[in-house]
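Visitor: The listed protein sequences correspond, in order, to chains A and B. With the numbering used here applied, the first sequence corresponds to residues 768 to 1045, in that order. With the numbering used here applied, the second sequence corresponds to residues 30 to 185, in that order.
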Amino acid sequence: MAGLPDPMVPSPLRVQRVRRETYDTFTLELEPANGADGFSFAAGQFNMLYAFGVGEVPISISGDPTKPQTLVHTVRSVGAVTQAICKLKRGDVLGVRGPFGSHWPVEEAAGGDVVIVAGGIGLAPLRPVIYYLLSNREKYGRLALVYGARTLQDLLYNPELEKWRGHFDLAVEVTVDTAAASYRGNVGVVTTLIPRVQFDPLQTAVMVCGPEVMMRFTLRELEARGIGPENIFMSMERNMKCAVGFCGHCQFGPTFICKDGPVFRYDQIQAFFAKREV
Amino acid sequence: MSTETLERVLAEHPFFKHLQRPYLELLAECASRVRFNAGEVIFRESEPANLFYVIRRGKVAVETFAPNRGPIIIQTIGEEGLLGWSWLIPPYRRRFDARAVELTWVIALDGERLREMCEKDHDFGYELMKRVADIMDQRLQATRLQLLDVYDGVRS
């Protein structure tokens, strides 16, 4: 009897293209290796990527949700599995389970302003949001992207950042922690850019992704700008293993990041977000 | 620019927002409008710090020089920012270099005169000190965050 696909069984996807983003971060474009259809997903969801014989890791989807024929992941090489994934070449096959988890509220945000705050590789899970917003630009008020990275060399998606900057209806603010004197852009932490962004605090959805400490400081700035916790959405990270809420590895307070997250509305996790024990 | 105009410009700047009129008048007497071209040095480390600046338009890089690395930007301050507080703290010398990144318009304030005014009128001094302390707090928090190297997380 035919049923739903087993969420624990990976599908084979073939690497079509590998693009080096920074010295340790790569973007992989994948297509089904077994002739299957495209890979539908919602902005913010993640997949479990399986490097055969090495292991599996959860990685957010960084591609365009309106182009499901190609699955795109941006991977930073930091451990054995991600190192193996980043070494893949065109034609190599990768196991993929997913998509899993909750998504950014792009449709719910229609009619208001949207501010995206990304830190480091946190831009990857938010890139699908940018694609979506720009494809449906008429549905939104002001759009802003605030992005911080350690150095210029750590900025992801440089060609796209330049393109997005060229949009008259998308405010793009980029900052780095340190730079040589020849640099003409912003230097400072990402939170220092938030006061510069124009939005209506009562009609704005803010989507934040980055290291947890960055998100914590970002929350303070957003609070100072009058954004309510019900209008802030964050992508959380814990040690996800099964991705379907069986194993409990990614428990976060009363929730599982893999099943109830990774995208949470801040007021739903506010009570335990800053608890060190959680 | 007349003193009245400067007073109005200062009143609109976030740093001086809601400051009482007599204090704004005092400040306007110590203020002048200054323009810096892109690349122009505003001050150098160790120089006497007799002025401070509120940025109206443009961007300023706060830099330090590191041997073998050359000048490094540690922070940029944009429109509506405040540049320099060494005028308020002995020995009244600059701690860093400052350079205009692009064409920048500022209001320069005579810190030496302001110090005297703060000594004479402690209410004024306290009001000004609270505002500078708020900027210092923001910069301290930002520096701490920079030191944490927060982007070194592993998420993707």
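From the three backbone atoms N, C-alpha and C, an ideal C-beta is built for every residue, glycine too.
Would you tell me roughly how many angstroms separate the C-alpha atoms of B/Val83 and B/Val38, rounded to the nearest one?
Guide: 10 angstroms
Visitor: Under 6 angstroms Cβ to Cβ from A/Pro835, same chain only, skipping five residues before and after it: list those, please.
Guide: Gly805, Phe806 and Ser807
Visitor: Could you tell me if B/Val183 is buried or exposed, where buried requires 16 or more neighbouring beta carbons within 10 angstroms of its beta carbon?
Guide: Residue confidence is low: B/Val183 scores 47 on pLDDT, short of 50, so the model does not pin down where it sits. Its coordinate-derived value is still stated next. The residue is exposed, with fewer than 16 neighbouring Cβ atoms inside 10 Å.
Visitor: In three-state DSSP terms, what is B/Tyr82?
Guide: strand
Visitor: I need the DSSP call for A/Thr975, collapsed to helix, strand or coil.
Guide: In the sequence on display, residue 975 of chain A carries Val and not Thr. Here A/Val975 sits in strand by DSSP.
Visitor: Compare the Cα-Cα distances from A/Gln783 to each of A/Leu855, A/His1016, A/Pro777 and A/Glu823 and report the closest residue.
Guide: A/Leu855
Visitor: Let me know the secondary structure DSSP gives A/Thr833 once reduced to three states.
Guide: Here A/Thr833 sits in coil by DSSP.
Visitor: Starting from the N-terminal side, write out each stretch of the beta strand (DSSP E) that is 3 residues or longer and does not extend beyond the segment 968 to 1031 of chain A.
Guide: 971 to 976 and 999 to 1002
Visitor: Using a Cβ-Cβ cutoff of less than 8 angstroms, which residues in the same chain neighbour A/Phe1023 once the five nearest sequence positions on both sides are dropped?
Guide: Gly1012, Gly1015 and Cys1017
Visitor: Is A/Gly887 closer than 9 angstroms to B/Tyr155 when the C-beta atoms are compared?
Guide: no
Visitor: Cutting at 7 angstroms between CB atoms, please list the residues of its own chain near A/Met981, excluding the five before and the five after it.
Guide: Gly886 and Val957
Visitor: Label B/His151 either buried or exposed according to how many other C-beta atoms from any shown protein chain fall within 10 Å of its C-beta, with 16 as the threshold for buried.
Guide: exposed
Visitor: Alpha carbon to alpha carbon, how far is A/Gly915 from A/Tyr790?
Guide: In this structure, the CA atom of A/Gly915 is about 17 angstroms from the CA atom of A/Tyr790.
Visitor: Just list the beta strand (DSSP E) runs in the segment 856 to 905 of chain A, keeping only unbroken ones of 3 residues or longer that don't cross its boundaries, in chain order.
Guide: 860 to 867 and 880 to 886
Visitor: According to the neighbour-count rule (16 or more other Cβ atoms, all chains shown, within 10 Å of its Cβ), is A/Ser827 buried or exposed?
Guide: Around the C-beta of A/Ser827, 16 or more other C-beta atoms lie within 10 Å, and the residue is accordingly described as buried.
Visitor: In the DSSP output, which residue or residues are listed as bridge partners for A/Ala946?
Guide: B/Ile102
Visitor: Against chain A, does B/Ile102 count as a neighbour if the rule is that its beta carbon must be under 9 angstroms from one of theirs?
Guide: yes
Visitor: Excluding the five sequence neighbours on either side, which residues of its own chain have a C-beta within less than 7 angstroms of the C-beta of B/Glu131, listed in chain order?
Guide: Ala67, Gly87 and Lys88
Visitor: Taking the C-alpha atoms as reference points, what is the distance between B/Pro51 and B/Lys149?
Guide: 14 angstroms
Visitor: Quick one: what's B/Trp134 bridged to in DSSP?
Guide: B/Arg64 and B/Arg86
Visitor: What number of angstroms, rounded off, separates the C-alpha of A/Met768 from the C-alpha of A/Phe813?
Guide: At A/Met768, the pLDDT of 49 sits below 50, so the modelled position is not reliable and the matter cannot be decided from this model.
Visitor: Are the beta-carbon atoms of A/Leu797 and A/Thr837 separated by less than 9 angstroms?
Guide: yes
Visitor: Would you please verify whether the beta carbon of A/Val984 is less than 9 angstroms from any beta carbon of chain B?
Guide: Before going on, a small fix: residue 984 of chain A reads as Phe here, not Val. Interface residue, yes.
Visitor: For a contact meaning CB atoms closer than 7 angstroms, what does A/Ala946 contact in chain B?
Guide: Neighbours of A/Ala946 in chain B, taken as residues at a C-beta separation under 7 angstroms, are given in chain order as Ile102.
Visitor: Whose CA, out of A/Leu901, A/Tyr899, A/Leu910 and A/Ala876, lies closest to the CA of A/Phe1000?
Guide: It is A/Ala876 whose Cα lies nearest to the Cα of A/Phe1000.
Visitor: Is the CB-CB distance between A/Gly858 and A/Ser778 below 9 angstroms?
Guide: no
Visitor: Please determine, among A/Gln1037, A/Tyr899 and A/Leu912, the residue with the shortest C-alpha to C-alpha distance to A/Glu997.
Guide: A/Gln1037
Visitor: Applying a beta-carbon distance threshold of less than 8 angstroms, which residues of chain D neighbour B/Glu131?
Guide: The structure shown contains no chain D; the protein chains it does contain are A and B.
Visitor: Verify the CB distance criterion: does B/Tyr155 have a CB-CB separation below 9 angstroms to chain A?
Guide: no
Visitor: Would you verify that the beta carbon of B/Met158 is, or is not, closer than 9 angstroms to some beta carbon of chain A?
Guide: no
Visitor: Tell me, which residues are paired with B/Asp150 by DSSP?
Guide: Beta-bridge pairing links B/Asp150 to no other residue.
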